[in-house]
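Read in this note's numbering, the sequence shown has 98 at position 31, and its numbers run on one by one without any break. Cβ coordinates follow ideal geometry from the N, Cα and C atoms, glycine included.
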Amino acid sequence: MRKKGKYKRAEKFVMKMKKIQEETKATLGNMQKEMKKYTDRKKAEVDKYKVGDLVILSTKDLKY
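Spelled out as structure tokens, the structure:
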């Protein structure tokens, strides 16, 4: 069993590290949202194809 208050410097250090960790999580979450916003901005709408639609395929990357 640990006694409270015995290691004041260690407790202070732990509290400081927890605060830094919370700030970092919040900042990373905000940056992730911002990156998604910029990525989604450049996304184009995808065409929906149905069975029977004619499409043109590129054979550039096909290996024979």
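With DSSP run on the structure shown, which of helix, strand or coil describes residue i?
i: aspartate 107; result: helix
i: leucine 95; result: helix
i: isoleucine 123; result: coil
i: valine 81; result: helix
Using beta-carbon positions only, say whether residue i and residue j come within less than 8 angstroms of one another.
i: tyrosine 116; j: valine 122; result: yes
Under 8 angstroms Cβ to Cβ from residue i, same chain only, skipping five residues before and after it: list those, please.
i: leucine 124; result: none
i: glutamate 89; result: none
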